[in-house]
Every structure is written in structure tokens, then in C-alpha cells.
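Worksheet for the structure shown next.
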Amino acid sequence: MRQQQRQRDIWNQPKIMKKDFLMIPLYILFQMLVPIIVVFGTLGLTAMITQKPPAQFLYNLSLSIGFVLAQFLVLFIFFAMHKFDIAQVMKRQFHFARNKILHILLMIIGVMIVMCMLRWLFNTLGIGPTQYERRVEGLFHYPSALCFTMISMVILRPMVEVIIYKHLIIHELSKKWPTTVTIILSILVETLVHVYDMMSMWEMLPFLIIALGSTMIYIKSGMNLAAAYLYQSGIQGVLFIIMVFKMLIM
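Using the numbering used here, count along the sequence shown one by one with no gaps and you end on 250.
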């Protein structure tokens, strides 16, 4: 009982948990450095052993593994900073999130319908694949990398993102700023992070829709991170299946 009370106090204390904001620079740093280290380490070692240029699939495979390692390290550090007490908090949130499964599924279906309509509109206007789609498609060219791409895209990255966009920006900053401000900030940051290299403002729309859905689930569930994660993971799971299907028919 005392342990559960301590976990609630950690999660709901009125002071901003400043150490949690280390997640942001760590995530940026690890996402940049770890894949580079893994890719060049793998390709360099392979070339040194075989005395031949590494196969192209090895680049995609090592890049996907690099993203998985980067995201795993960030999550491990976050849980370690809380001495893994937060794992019990998340377990409890997943328990309550089960009551929101229908709402989450309906939101996922609604968002995907809007996304399909946007894709039809883009095609009608002659707008090609977005910069984000071009970046991600490279991870689907070789089946050997798909397992790690799925782990990164569907399991780990959604968890990192809900911690940053929901826990840090909305939950923590709302202790000092109006909640409306932090919600708007969260949606804007989540959208812009995915379209930093956009060629057209139209490219923001799909990610804005996804961010709006995620935020609505989070707020309507009483700021339940697990509910937001299940939504985000579900959206990414559908997108992963679509990308695999596109790869198979190309």
C-alpha cells in the first residue's frame, strides 16, 4: 500500500520533474549517434573481414537495429531515473486503459479514414509522397530489416513519443502553464518533428490529424499515457502494414 502511494506521489507531485526533461536531448542525441555508430561499425567490420563492399541490405538492417537500440536506451534511462517505480504506474495505467479500448479503436479507424481522404486529395492535386514517406520507405526495401523496423516503428518509438509529447509537455508543463497552452504546444511539436524537412505545408496535415487524435485520447482518458500509447502504436501498426503491402506489390 505504501509502495503504491509512493508511486502515485512520484507521478502526481505538484513540482515539475525536471530530470524527466533529459529525455528530449537524450532522444535527439541517441537517434542521431547510435544508428551512425551501428551502421558504420557493421559495414566497416564486414568490409574488413570480407575484403568486399558490404551488401546493400546490411545498411538497412543495421540502420533499423540502430534505431531500436537508440529508443531502447532512452526508455531504459527514463525508467532507471525513476528506479523502475514508474513501471508499476504504467502497469496500472494499462489496466485502466482497457476500459478505453473501444474509444481507441474508433479513433484509429476515424483517423485512418481521414488519412485515406487526404491521400486521395494529395493525388488529385498532384502532390507526391511526403518527405517523411520517402525517408521511411528506405527501411522497407529489404525484408531482413522489417522485424527491427516493426519493433522501432510500432512498439518503441510510440512509447518514447507519448512520454515526450504527453507526459513531459502536457502533464509536467501543465503544473506551471495553462493546460490549453501545453496541449497546443504538444500538438504543434509532435506535428513539426515529423515534417522538419517538408517541401509543402500540405505535408503537415496527416501528422496534425494523428497528433490531434492522440491528444484527444490522452485528455479524454484522464491523461492516461497507456491509452495514448495504444492509440499511437495502433496507428503506426496500420501504417506499417500499409508500407509492407506497398513493398510487396511494387
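For every residue, glycine included, the Cβ atom is placed at its ideal position computed from N, Cα and C.
Beta-carbon proximity of residue i to residue j, cut-off 8 angstroms
i	j	result
serine 62	threonine 42	yes
valine 74	phenylalanine 148	no
serine 214	glutamine 232	yes
glutamate 203	threonine 130	yes
alanine 260	valine 162	Residue numbering for the chain in the displayed model covers 1 to 250; residue 260 lies beyond these limits and cannot be assessed.
alanine 211	isoleucine 242	no
isoleucine 77	glutamate 172	no
valine 238	isoleucine 36	no
methionine 115	proline 178	no
leucine 102	valine 244	no
alanine 226	phenylalanine 94	yes
methionine 247	phenylalanine 140	yes
leucine 185	isoleucine 169	yes
valine 34	isoleucine 235	no
valine 136	tyrosine 27	no
phenylalanine 240	methionine 150	yes
leucine 230	isoleucine 113	no
phenylalanine 57	serine 144	yes
Status (buried if at least 16 other CB within 10 Å, exposed otherwise) for residue i
i	result
arginine 157	buried
methionine 256	The question about residue 256 has no answer here: the residues shown for the chain are numbered 1 through 250.
isoleucine 49	exposed
lysine 19	exposed
glutamine 251	Past the boundaries of the shown model lies residue 251; the chain is included only from 1 to 250, so the question cannot be answered.
alanine 80	exposed
phenylalanine 96	exposed
arginine 2	Unreliable positioning characterises arginine 2 in this predicted model, as indicated by a pLDDT of 48, which lies under 50. A coordinate reading is not provided.
isoleucine 164	buried
asparagine 99	exposed
glycine 66	buried
phenylalanine 40	exposed
methionine 23	buried
threonine 182	buried
isoleucine 249	exposed
Anticipated Cβ contact below 8 angstroms, residue i with residue j, distance rounded
i	j	result
valine 142	asparagine 60	Position check: residue 142 holds tyrosine in this sequence, whereas valine was assumed. So it is a contact: roughly 5 angstroms between Cβ atoms.
lysine 176	tyrosine 218	With 8 angstroms as the limit, lysine 176 and tyrosine 218 do not qualify as a contact, their Cβ atoms being about 19 angstroms apart.
(message) Extract the residue ranges of the alpha helix (DSSP H) inside the region 98-172, only unbroken runs of 4 or more that lie entirely within it.
(response) 101-124, 131-137, 146-150 and 157-162
(request) Return the chain-ordered ranges of every alpha helix (DSSP H) run that is complete within the region 16-80 and spans a minimum of 4 residues. (result) 23-50
(request) Pick out the complete alpha helix (DSSP H) segments inside the region 192-236, 4 residues or longer, and give them in chain order. (result) 204-220
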